[in-house]
Amino acid sequence: MNLDHVASIGDLRVLARQRIPAPVFDWLDGGAFESETLKANVEDFRKLRLRQRVMRDISTRELSTTALGQTLAMPVVISPTGMSGMVPGGDEGELMAARAARAAGVPFTLGMMAIKSIEDLKREQDSFWFQICMLTDRELMRAMVDRARDAGCPVLVLTMTWPLLSQMNRSVRGRHARLPPRYTPGSIMTYARRPRWVLKTLGAMPIRFGNFVPHMAQPEIANIVTMLDASATWKDVEWLRGIWPGKLLVKGVMDPEDAQLAVAAGADGISVSNHGGNMLDASSSTIAALPDVVEAVGDRAEVLLDGGIRSGQDVLKAIALGARACLIGRAHLYGLGAAGEAGVSKALDIIRKELDISAGLSGLSRVSDASPANLC
Ligand SMILES: Cc1cc2nc3c(=O)[nH]c(=O)nc-3n(C[C@H](O)[C@H](O)[C@H](O)COP(=O)(O)O)c2cc1C
Numbered sequence: 000m001n002l003d004h005v006a007s008i009g010d011l012r013v014l015a016r017q018r019i020p021a022p023v024f025d026w027l028d029g030g031a032f033e034s035e036t037l038k039a040n041v042e043d044f045r046k047l048r049l050r051q052r053v054m055r056d057i058s059t060r061e062l063s064t065t066a067l068g069q070t071l072a073m074p075v076v077i078s079p080t081g082m083s084g085m086v087p088g089g090d091e092g093e094l095m096a097a098r099a100a101r102a103a104g105v106p107f108t109l110g111m112m113a114i115k116s117i118e119d120l121k122r123e124q125d126s127f128w129f130q131i132c133m134l135t136d137r138e139l140m141r142a143m144v145d146r147a148r149d150a151g152c153p154v155l156v157l158t159m160t161w162p163l164l165s166q167m168n169r170s171v172r173g174r175h176a177r178l179p180p181r182y183t184p185g186s187i188m189t190y191a192r193r194p195r196w197v198l199k200t201l202g203a204m205p206i207r208f209g210n211f212v213p214h215m216a217q218p219e220i221a222n223i224v225t226m227l228d229a230s231a232t233w234k235d236v237e238w239l240r241g242i243w244p245g246k247l248l249v250k251g252v253m254d255p256e257d258a259q260l261a262v263a264a265g266a267d268g269i270s271v272s273n274h275g276g277n278m279l280d281a282s283s284s285t286i287a288a289l290p291d292v293v294e295a296v297g298d299r300a301e302v303l304l305d306g307g308i309r310s311g312q313d314v315l316k317a318i319a320l321g322a323r324a325c326l327i328g329r330a331h332l333y334g335l336g337a338a339g340e341a342g343v344s345k346a347l348d349i350i351r352k353e354l355d356i357s358a359g360l361s362g363l364s365r366v367s368d369a370s371p372a373n374l375c
């Protein structure tokens with residue numbers, strides 16, 4: 000597909016909506032309950048203004064940085080988004096996104112709830128990050144951590160925002176059947192509007208949660224969500240720290256007190272995150288929460304951010320307020336839904352170009368030098 004006319008992440012979102020079935024689009028585009036926090040994540044970035052500076056020799060500009068011991072061509076990481084394997088139709092979405100990330104020189108994070116497994120991705124990629132949630136079955140969790148270690152994952156991401164299922168009102172109103180799709184008499188007409196997607200996906204059936212296949216007879220979502228450990232505490236983060244030899248990024252800190260507890264539990268990095276507004280609706284935006292977390296942590300851990308990034312300007316604003324890098328969820332999913340691997344590459348190109356131009360016009364020759372002084 001020719002993506003030459005695509006200028007922004009918003010354009011990729013429009014294309015994705017045209018190409019994937021409504022239940023899948025609503026799932027990736029919507030937020031918890033009335034999506035107040037999802038909207039705040041995006042709008043609070045928009046409210047921040049960059050300070051224009053001139054005559055500062057910006058003839059060369061450096062976008063690269065380091066985060067958690069990794070070199071990043073720009074301060075962007077692909078965030079874990081479970082089931083993204085099926086977003087472009089079929090079951091290869093995670094592989095496509097990982098290839099696009101590698102080509103762009105940024106890390107890809109494979110979700111615990113991915114369609115493809117750690118081993119599937121390892122067969123084609125040397126280095127990627129892996130995300131896990133606290134599970135009631137600690138032996139299963141330990142086995143997954145060992146698999147990530149054996150695959151050489153340098154960074155383990157612990158998602159702390161998913162101890163239970165939240166509700167997405169948009170999917171309830173759309174009467175959408177559960178994902179992965181089941182073609183029932185009620186859903187068949189909705190899916191029939193996207194026949195190419197359906198054909199690709201039928202060819203990949205059954206869609207399964209690859210990381211659970213070695214451990215469970217029925218690796219289906221209904222069985223997996225019953226294993227989310229709502230009783231987990233910071234003691235369990237210390238346990239995970241003890242069994243994971245690589246860097247540990249804890250994802251889902253919005254509060255300075257939690258940030259202190261995360262550091263005490265041994266986290267190397269913290270992602271300021273509200274799970275893209277998919278969990279606690281009516282909570283604050285990530286960019287509003289960032290400065291207090293940065294202050295609470297100081298130089299004891301690296302602070303990243305995910306939630307609301309839709310442009311390179313947003314990345315620059317987050318770096319200015321103290322984030323080391325940003326994880327992107329929907330921005331890459333829109334690309335994946337629009338055009339598979341080429342769409343994710345396009346999303347990353349868009350963000351890189353916007354970041355490069357915006358840094359230069361802010362008077363910065365190194366993006367990592369951005370500070371609060373770059374905001375009005
Ligand atoms: C469709 C979808 C699925 C997600 N699945 C996961 C997941 O399995 N694990 C996880 O840690 N975060 C998951 N997230 C959250 C993302 O990693 C990230 O925190 C969020 O998308 C950031 O917000 P943004 O979409 O505004 O960039 C998911 C987000 C979306 C939109």
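According to numbering that gives the first Met the number 0, the sequence shown is numbered sequentially starting from 0. Glycine included, each C-beta is placed from N, C-alpha and C at the ideal position. Nothing here was measured: the structure is a model prediction, and the numbers come from that model.
Within the present structure, is the beta-carbon of Lys250 separated from the nearest heavy atom of ligand 1 by less than 7 angstroms? For Lys250, the Cβ falls inside the 7 angstroms cut-off from some heavy atom of ligand 1.
Alpha helix (DSSP H) containing Leu198: first to last residue? Unbroken alpha helix (DSSP H) run through Leu198: 194-202.
Kindly indicate which residue of Ser367, Ser272, Ala337, Leu347 has the alpha-carbon position closest to the one of Thr36. The residue with the shortest Cα to Cα distance from Thr36 is Ser272.
Along the chain, where does the beta strand (DSSP E) containing Ser270 start, and where does it finish? Unbroken beta strand (DSSP E) run through Ser270: 268-272.
Just confirm the distance between the C-beta atoms of Val322 and Leu304, as a whole number of angstroms; I'd bet it's less than 8 angstroms. A small correction: the amino acid at residue 322 is Ala; Val does not occupy that position in the sequence shown. Contact between Ala322 and Leu304 holds: CB atoms are separated by about 4 angstroms, below the 8 angstroms threshold.
Pull up the DSSP beta-bridge partners for Ile327, would you. BP columns for Ile327 point to Ile77.
Less than 8 angstroms between C-beta atoms, sequence neighbours within five positions excluded: which residues of the same chain meet that for Asp90? These residues qualify, in order along the chain: Gly84, Ile114, Lys115, Thr200, Ala203, Ile206.
Take Trp367 as the anchor and find which of Met54, Ala324, Arg177 has the nearest alpha-carbon. Per the sequence presented here, residue 367 reads as Ser, with Trp not at that position. When each option's Cα is compared against that of Ser367, the closest is Ala324.
If distances are taken between C-alpha atoms only, which option among Leu164, Asp280, Ser186 comes closest to Leu227? Of the residues Leu164, Asp280, Ser186, the one whose Cα lies closest to the Cα of Leu227 is Leu164.
Going along the chain, which residues of its own chain have a beta-carbon closer than 7 angstroms to the beta-carbon of Arg299, five neighbours each way excluded? Once the five neighbours on either side are set aside, the close Cβ partners of Arg299 are Val262.
Sort Ala102, Ser230, Ala142 by Cα distance to Glu123 and report the nearest one. Distance check between Glu123 and each of Ala102, Ser230, Ala142 places Ala102 closest, using alpha-carbon atoms only.
Can you list, in chain order, the residues of its chain whose CB lies under 8 angstroms from that of Phe24, leaving out five sequence neighbours each side? The residues are Ala15, Arg16, Gly336.
Quick check on the burial criterion: 16 or more other C-beta atoms within 10 angstroms. Buried or exposed for Thr59? Result: exposed.
Reduced DSSP secondary structure (H/G/I, E/B, other) of Thr285: Three-state result, Thr285: helix.
So, helix, strand or coil for Met143, using DSSP? DSSP places Met143 in helix when its eight states are reduced to three.
State yes or no: is the C-beta of Asn222 nearer than 7 angstroms to some heavy atom of ligand 1? Not one heavy atom of ligand 1 falls within 7 angstroms of the beta-carbon of Asn222.
To which residues does DSSP link Phe24 through a beta bridge? Beta-bridge annotation (DSSP): Phe24 is not paired with any residue.
What separation, rounded to the nearest whole angstrom, lies between the Cα atoms of Asp291 and Ala191? Their backbone Cα atoms lie some 48 angstroms apart in a straight line.
Give the range of the beta strand (DSSP E) segment to which Asp305 is assigned. First-last of the beta strand (DSSP E) with Asp305: 301-305.
Consult DSSP for Gln312 and reduce its assignment to one of helix, strand or coil. Reduced to three states, the DSSP call for Gln312 is helix.
What does a CB cutoff of less than 7 angstroms around Val296 pick up in its chain, not counting 5 residues either side in sequence? Its chain contains Ala258, Val262, Ile269, Val302 as the residues whose beta carbon lies nearer than 7 angstroms to that of Val296, once the 5 sequence neighbours on both sides are disregarded; these appear in chain order.
From what residue to what residue does the alpha helix (DSSP H) around Gly92 run? Run containing Gly92: 92-103, per the alpha helix (DSSP H) assignment.
Let me check you understand the geometry: is the CB of Arg141 closer than 7 angstroms to at least one non-hydrogen atom of ligand 1? Placement of the Cβ of Arg141 at a distance of 7 angstroms or more from every heavy atom of ligand 1 is found.
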